Amino acid sequence: MEEKTNITPTNFIREIIDDDLKTGKHTLIHTRFPPEPNGYLHIGHAKSICLNFGIARDYNGLCNLRFDDTNPEKEDIEYVDSIQEDVKWLGFDWADRMYYASDYFHKLYDFAVQMIKDGNAYVDSSTAQELKDMRGTPTEPGGLSPYRNRSVDENLRLFTEMKEGKYDDGAHVLRAKIDMASPNMHMRDPVVYRIKKATHHNTGDEWCIYPMYDYAHPISDWMEGITHSLCTLEFEIHRPLYDWFLEALNLKNRPRQIEFARLNLTYTVMSKRKLLELVQEGFVSGWDDPRMPTICGLRRRGYTPESIRNFADKVGVAKRDALTDVALLEHAVRDDLNKKAPRVMAVLKPLKVVLTNYPDDLTEEMETVNNPEDESMGSRKIPFTKEIFIEQDDFQEVPEKKFHRLSPGKEVRLKSAYIIKCDEVVKDADGNITELRCSYDPETKSGSGSTRSVKGTIHWVSAKHAVKAEVRLYDRLFTDEDPAGHEEKDFRELINPDSLEILDNCLIEPELAKAKAGDKFQFVRMGYFCVDPLSNDKILVFNRTVGLKDSWAKMKTN
Ligand code: ATP
Ligand code: MG
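Here this note's numbering is used: position 279 in the sequence shown is 284, and no number is missing along the way.
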């Protein structure tokens with residue numbers, strides 16, 4: 006767990022908890038994070054994780070990890086493993102409290118039997134269509150099922166036989182007996198159990214009836230001693246049902262469900278189903294594609310756990326849904342990497358420069374600080390020679406207005422080295438610039454006390470020492486601010502065709518040759534970059550995490 010200094014600002018949920026502690030309703034706060042293992046976690050889940058584990062941390066309470074695995078067909082052990090990895094990576098610890106709702110299948114079954122005995126549940130043998138027709142509409146009450154008044158004995162026999170596998174999928178369901186005229190459709194005798202002859206990732210073929218989420222969730226919460234069951238707003242309308250089950254079963258020390266707004270991000274889709282489609286249909290390379298809003302995608306992109314936790318704190322919790330600007334997430338990682346990432350020089354689109362008056366065989370070691378934000382990160386030496394590479398964009402043959410970098414007859418400073426002047430532009434037969442011939446001013450070595458200054462400073466690498474690398478630049482995956490928000494347009498139509506640019510001819514300073522997957526750097530003037538796990542002995546691959554320009558900070562000051 007992270008250190009205590011990082012206490013999250015208060016919010017309406019914390020106010021409820023403070024109150025419950027003050028009145029003595031609870032002495033120990035117990036939350037849970039309940040993912041369904043049917044996909045990889047995304048940044049929205051990270052908000053829920055930070056909220057639940059953050060509350061447990063700040064109140065010296067407990068937070069469980071619980072897999073909400075009542076839907077065997079879509080769930081998979083691959084997801085169970087990835088979820089654990091992601092929660093841990095975010096910096097949270099469930100200690101020995103990792104549970105599965107499927108661990109409670111026996112107890113859930115026994116409780117269902119009790120509900121039948123108490124006249125609170127019945128077996129309905131209607132078809133799916135009949136069940137649907139019976140529900141009514143929000144303005145008209147539903148109809149009573151002809152099976153609603155079956156005897157307890159008949160219900161018990163049928164429910165037992167459902168469990169024993171005597172019936173096919175859909176032949177019967179178990180329903181709670183509540184109120185078919187309730188204005189809340191969820192209270193109109195909701196299904197509690199359905200028959201599903203499917204193999205479950207945890208219980209195998211032991212069961213062929215599975216409980217519904219609305220039934221399993223309050224009871225799982227109660228079994229684990231959860232005090233505050235935090236979920237997203239779409240469950241608000243389910244809350245009366247949550248409470249009804251606990252009441253019908255006469256359970257004491259009940260958990261309280263509290264709803265908060267889910268995180269939505271601009272230029273992003275957040276539902277697991279849509280993310281799965283992006284993966285399955287090949288729009289991205291996998292769940293961990295650095296363009297994905299998944300935790301594993303963000304990790305591969307170069308996001309740090311701290312940046313995601315800080316982002317979650319900044320977003321806060323609200324009672325109304327909103328769309329959060331993705332620039333806030335980018336701001337959070339930039340802010341964190343600014344403090345942590347060593348500065349290095351890398352040329353993404355190289356242009357050769359020959360310093361005609363520099364000694365042929367000389368190599369100077371240029372001293373440069375690793376991070377001006379953090380003196381303790383020290384300094385290093387970079388080799389400087391007669392032939393260097395600069396960024397193509399740092400030269401303009403016919404300079405635009407206010408272009409203060411290199412152009413014919415003009416001077417620029419090479420970072421941590423000398424001022425150079427462009428004397429000659431060399432071109433090939435097609436008129437492409439192949440090389441610049443420049444002269445350097447030996448009196449202007451950085452750190453030598455030289456007072457001469459010029460307007461622009463650019464980065465460079467020594468031709469003889471530079472190491473080749475591949476760099477992947479990412480843009481937003483969607484061209485639309487709210488890709489899932491259009492009724493007439495499928496989100497796939499709004500995919501940005503230029504979201505990935507691969508530059509395979511980059512040159513980085515030799516120091517970087519030993520970088521390992523996950524290492525993070527600021528390439529000066531170019532952004533923050535992270536070594537991709539695809540890197541091998543032959544080639545280093547870098548992902549651009551985020552550029553240097555902070556549109557969020559700019560927006561705030563405007
Ligand atoms: P999705 O809609 O992306 O498929 P889900 O809600 O079905 O997600 P679960 O695995 O059921 O996914 O979610 C686990 C927990 O994370 C739940 O408590 C859920 O409310 C919360 N959660 C899911 N998406 C978000 C989000 N965008 N913002 C905040 N919390 C979320
Ligand atoms: Mg869900």
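Glycine is no exception: its CB is placed at the ideal position from the N, C-alpha and C atoms.
Because the structure is a prediction, the values reported are computed rather than measured.
Approximately 7 Å separates the beta-carbon atoms of glutamate 514 and alanine 351; this is inside 8 Å, confirming the contact.
Leucine 70 has Phe38 and Met103 as its beta-bridge partners, per DSSP. According to DSSP, cysteine 535 shares a beta bridge with Lys525 and Asn548. The beta carbon of leucine 553 sits no closer than 7 Å to any heavy atom of the ligand ATP.
Across the set Thr271, Asp184, Trp99 and Pro223, the C-alpha of Asp184 shows the shortest separation from the C-alpha of glycine 141. Collapsing the DSSP output to three states places tyrosine 127 in a strand. For glutamate 372, the uninterrupted beta strand (DSSP E) run begins and ends at 369–374, by DSSP. For asparagine 510, the enclosing beta strand (DSSP E) covers residues 505–513. If you keep only unbroken alpha helix (DSSP H) runs of at least 4 residues inside the segment 281–312, you get 300–306. Here the distance from the Cβ of glutamate 41 to the nearest heavy atom of the ligand ATP is below 7 Å. Closest by C-alpha distance to tryptophan 227, out of Tyr423, Lys257, Asp433 and Trp249, is Lys257.
Here aspartate 341 is near threonine 309, since their CB atoms are less than 8 Å apart. Secondary structure at glutamate 429: strand, using DSSP grouped into helix, strand and coil.
Annotation: the continuous beta strand (DSSP E) that includes tyrosine 198 extends over 196–200.
At a threshold of 7 Å, glycine 49 counts as near the ligand ATP, since its beta carbon sits closer than that to one of the ligand's heavy atoms. Non-local beta-carbon contacts of alanine 61 in its own chain, meaning distances under 7 Å to residues more than five positions away in sequence, involve Ile34, Thr36, Leu67 and Cys68 in chain order. Distance from the CA of isoleucine 82 to the CA of histidine 206, rounded to the nearest whole angstrom, comes to 6 Å. When the Cα atoms are used, serine 187 and methionine 139 turn out to be separated by approximately 13 Å. Contact between the segment 39–49 and the segment 264–276 is present: three or more C-beta pairs spanning the two stretches fall below 8 Å. The Cβ-Cβ distance between isoleucine 387 and serine 421 falls below 8 Å.
The Cβ-Cβ distance between methionine 371 and serine 451 falls below 8 Å. For tryptophan 465, the enclosing beta strand (DSSP E) stretches over residues 465–467.
Threonine 237 has its Cβ nearer than 7 Å to a heavy atom of the ligand ATP. For the pair of segments examined, the segment 510–526 was found to touch the segment 461–475: the number of CB pairs separated by less than 8 Å reaches three. For valine 331, the secondary structure class from DSSP, reduced to helix, strand or coil, is helix. For serine 107 and glutamate 41, the gap between their C-alpha atoms comes out near 11 Å. Glycine 209 is bridged by DSSP to His205. In this structure, valine 178 places its C-beta atom within 8 Å of the C-beta atom of valine 196. Under DSSP, valine 358 takes part in a beta bridge, and its partners are Ile393 and Leu441.
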